[in-house]
Amino acid sequence: MSDAYVLGVGRTAYGRFPGRTVAALAGEALALCLADAGVEPAAVDAVFFANATQGALEGQHLVRGQVALRDAGVAGVPVFNVENACASGTAAVHLAATAVRAGEADIALAVGAEKMYGADEERLAAAFHGGLDVARWEEGLKALREAAGAEAAPPGRRSVFMDVYAALAADYRRRHPGLTPGGSPPSPPRTGGTARSTPGPPAARRSRWTRCWPRGRSCRR
C-alpha cells in the first residue's frame, strides 16, 4: 500500500455559535484546510464527513455530509458519513488515509462538524443517553460504575457522559495507582456539557506532497 501524508489542516475558532449552522462550520474548516494544502476542491476524490449528534438534535439523518458540504465546492465527490461517537473525527481521518493508501483516492478529505450549543436540552440529553446500550441502559451504567468502584454522582445539570468519564477515570486510577499521588479515585464532576465547533480536517495525498504534520517538519517532494 502507498503511504499517506497530511497536506493541510484547518479549523474554526472554538466557541459557541448559535447563529451558525453545521454546514457553515464545516464549510469554513474545509476551505481553510484546502487553502493550507494548496489544493482546489475539484482535486478532492473522496470526503469523509464526521458528525455524531446532528441527526438526534436537528433531525438531519442519512445524508448529513452531502447536505453540509453541497455548497463547499465538492459537489459530485463521493461523501461518506462517519458516526462513531467521540471518535467520529478520528475515524474519518483513518478512513481517508486508508482510501489513499489503498489507491482508491489521490486526495481524500476528512472533515468534521459538531454543534450542540443552543440545542433543545431534552434532545441533547437523549442524544447522550444513546451513548450506552439503550436496551440495557440502567444495567450498563450500574455495571460501569461498579467496575470502576465509583459511587453514584450527585445530581446536577450534565450529560450521562460526565458520569461515564468519571467512572472510567476512577477505574484507570484504581488500576494504575502509581501514576497519581495517593491513587485515590477523583471526585465525580459536578458540572458537565461542552460546546465544540469543528475539528480540523486533514487532507491526504498519495502521489506528491509538500510537508508533514506536525508543522515545521520538513518533507521532500
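Start counting the sequence shown at 0; every next residue gets the next number (numbering that gives the first Met the number 0). Note that CB positions come from ideal geometry on N, CA and C, so glycine has one too.
Please determine if the region 125-134 and the region 59-77 are in contact, where contact requires at least 3 C-beta pairs separated by less than 8 Å.
-> no
Going by C-alpha distance, which of Ala-12, Phe-47, His-93 and Thr-89 is nearest Val-78?
-> Start at 1 with the first residue of the sequence shown, and residue 78 comes out as number 79. Val-78 has its Cα closest to that of Phe-47, out of Ala-12, Phe-47, His-93 and Thr-89.
Starting from Leu-131, trace the beta strand (DSSP E) both ways and give me its first and last residue.
-> In the sequence shown, counting from the first residue as 1, residue 131 sits at position 132. Taken as a continuous stretch (DSSP letters only), Leu-131 belongs to no beta strand (DSSP E), as it is neither H nor E.
Can you grab the Cα-Cα spacing for the pair Ala-22 / Ala-107, in whole Å?
-> The count along the sequence shown starts at 1 and reaches residue 22 at position 23. The count along the sequence shown starts at 1 and reaches residue 107 at position 108. Between the C-alpha atoms of Ala-22 and Ala-107 there is a straight-line separation of about 19 Å.
Counting only the same chain and skipping the five closest in sequence on each side, list residues whose C-beta sits under 6 Å from that of Gly-117.
-> Within the sequence shown, residue 117 is the residue found at index 118, counting from 1. Closer than 6 Å at Cβ, skipping near neighbours: Pro-17.
Residues bridged to Val-43 [DSSP beta-bridge criterion] | As a working note, residue 43 is residue 44 in the sequence shown. Partner(s): none; Val-43 has no beta bridge.
Does DSSP put Asp-2 in a helix, a strand or coil?
-> The residue you call residue 2 lines up with position 3 of the sequence shown. Coil at Asp-2, not helix or strand.
Which listed residue (Met-0, Glu-27, Glu-145 and Thr-20) has its alpha carbon closest to that of Arg-10 = The residue labelled residue 10 in the question sits at position 11 within the sequence shown. For Arg-10, the closest C-alpha among the options Met-0, Glu-27, Glu-145 and Thr-20 is that of Glu-27.
Range covered by the beta strand (DSSP E) that runs through Leu-108 = As a position in the sequence shown, residue 108 is number 109, starting the count at 1. That run of the beta strand (DSSP E) goes 106-111.
Go ahead and pull the three-state DSSP assignment for Val-66.
-> Here residue 66 refers to the residue found at position 67 of the sequence shown. Val-66 falls in the helix class under three-state DSSP.
Nearest-angstrom beta carbon gap, Glu-121 and Ala-51 [assumed within contact, 8 Å] | Along the sequence shown, read from residue 1 onward, the residue named residue 51 stands at position 52. Along the sequence shown, read from residue 1 onward, the residue named residue 121 stands at position 122. The pair is not a contact, with the Cβ atoms about 18 Å apart (cut-off 8 Å).
Please determine, among His-128, Ala-41 and Tyr-13, the residue with the shortest C-alpha to C-alpha distance to Val-76.
-> Translated into positions along the sequence shown, residue 76 becomes position 77. Among His-128, Ala-41 and Tyr-13, the Cα nearest to that of Val-76 is on Ala-41.
Can you tell which of Leu-94, Ala-84 and Gly-72 has the C-alpha that lies nearest to the C-alpha of Glu-103?
-> Taking the first residue of the sequence shown as position 1, residue 103 is located at position 104. If we check each option's Cα against that of Glu-103, Leu-94 comes out closest.
Return the first residue and the last residue of the beta strand (DSSP E) that Val-81 is part of.
-> Translated into positions along the sequence shown, residue 81 becomes position 82. Its beta strand (DSSP E) spans residues 78-81.
Closest residue to Val-81 among Leu-6, Ala-45 and Gly-139 (Cα-Cα distance) | Indexing the sequence shown from 1 puts residue 81 at position 82. Residue Ala-45 is the option with its Cα nearest to Val-81.
Since Asp-170 is in the alpha helix (DSSP H), which residue starts that stretch and which ends it?
-> Taking the sequence shown and counting its residues from 1, one reaches residue 170 at position 171. First-last of the alpha helix (DSSP H) with Asp-170: 159-174.
Just reading off the alpha helix (DSSP H) that Arg-100 is part of, what are its end residues?
-> Here residue 100 refers to the residue found at position 101 when the sequence shown is read from its first residue. Element bounds for Arg-100: 87-100.
Per DSSP, Phe-48 is paired with what?
-> Mapped onto the sequence shown, residue 48 falls at position 49. BP columns for Phe-48 point to Asn-80 and Val-110.
Quick one: Cα of Arg-100 to Cα of Ala-30, how far?
-> Residue 100 sits at position 101 when you count from the first residue of the sequence shown. Residue 30 sits at position 31 when you count from the first residue of the sequence shown. Computed Cα separation, rounded: 24 Å.
Look at the alpha carbon of Cys-222 and the alpha carbon of Gly-58, and state the distance between them as a whole number of angstroms.
-> For the chain, the structure presents residues 0 to 220; residue 222 sits outside this window and is missing.
Contact belief for Leu-143 with Ala-166 at Cβ below 8 Å, rounded distance in angstroms = Here residue 143 corresponds to residue number 144 of the sequence shown, with the count starting at 1. Here residue 166 corresponds to residue number 167 of the sequence shown, with the count starting at 1. Here Leu-143 really is in contact with Ala-166; their C-beta atoms are around 5 Å apart, less than 8 Å.
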